[in-house]
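Accompanying notes for the structure given below.
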Amino acid sequence: MEIVLDTNILISSLLRNGLTRDIILLSPLKMYTVEYAKFEVEKHKDELQSKSKLDEDSFNYLTEFVFGKVSLIPMAELSPFKDKAIGIMREIDINDSPFIALAMHLNCPIWSNDAHFKRQNVIKSYTTKELINLLL
18 MEIVLDTNIL ISSLLRNGLT RDIILLSPLK MYTVEYAKFE VEKHKDELQS KSKLDEDSFN
78 YLTEFVFGKV SLIPMAELSP FKDKAIGIMR EIDINDSPFI ALAMHLNCPI WSNDAHFKRQ
138 NVIKSYTTKE LINLLL
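All the letters of the sequence shown, read from the start, carry residue numbers 18 to 153 under the working numbering.
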């Protein structure tokens, strides 16, 4: 199964050694995210590392390991879907339209715990709990 991860799922996997991290590191899912998600993580690296309670080397290793499991897709590849995705998310959260565009590009669902993805009906979205139930 292919699935698009939003930035908060990636951040959650870096902050806590829990189900989200286990799914990313151990599941057979083919996972994708927009390229700028890695930039967002890098931009907030110091804060995330502090919250994770990991030393710098461990946090860097974990970050590379997590992103090694997720294919990063450049925004340029999403341009054919950009306008439609913006239209879908305009009244919900326009900042998340790239994840909708990527899911449209790949014809797959989104993994996010952000409830606002449920407010649109074009792309299926799964919370972590829903994804676990689907995988079992």
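Backbone N, C-alpha and C define an ideal beta-carbon position, used for all residues, glycine too.
Values in this document were obtained by computation on a predicted structure and should not be read as measured data.
Residue range of the beta strand (DSSP E) that includes residue i
{"i": "Ser88", "result": "87–90"}
{"i": "Leu22", "result": "19–22"}
Same chain, Cβ closer than 8 Å to residue i, neighbours up to 5 away in sequence not counted
{"i": "Pro126", "result": "Ile20, Val21, Ala120, Ile140, Lys141, Ser142, Tyr143"}
{"i": "Phe76", "result": "Leu31, Lys62, Leu65, Gln66, Ser69"}
7 Å Cβ cutoff met for residue i and residue j
{"i": "His133", "j": "Ile109", "result": "yes"}
{"i": "Val32", "j": "Lys55", "result": "Contrary to the premise, residue 32 reads as Leu rather than Val in this sequence. No, the Cβ-Cβ distance between Leu32 and Lys55 is not below 7 Å."}
{"i": "Pro91", "j": "Glu52", "result": "yes"}
{"i": "Ile105", "j": "Gln137", "result": "yes"}
Whole-angstrom C-beta distance between residue j and residue i, which should lie under 8 Å
{"i": "Ile40", "j": "Val83", "result": "Not confirmed; about 11 Å, so no contact."}
Cβ neighbours of residue i in the same chain (closer than 7 Å, five flanking residues each side left out)
{"i": "Leu152", "result": "Ser44"}
{"i": "Glu94", "result": "His122"}
Beta-carbon contacts of residue i that lie in its chain and below 6 Å, excluding the five residues immediately before and after
{"i": "Asp23", "result": "Phe116, Ser129"}
N-terminal and C-terminal residue of the alpha helix (DSSP H) that residue i is part of
{"i": "Ile149", "result": "145–152"}
What ranges does the alpha helix (DSSP H) occupy inside the stretch 41–126, keeping only unbroken runs of at least 4 residues that lie completely in it? 53–60, 62–69, 73–85, 96–106, 114–123
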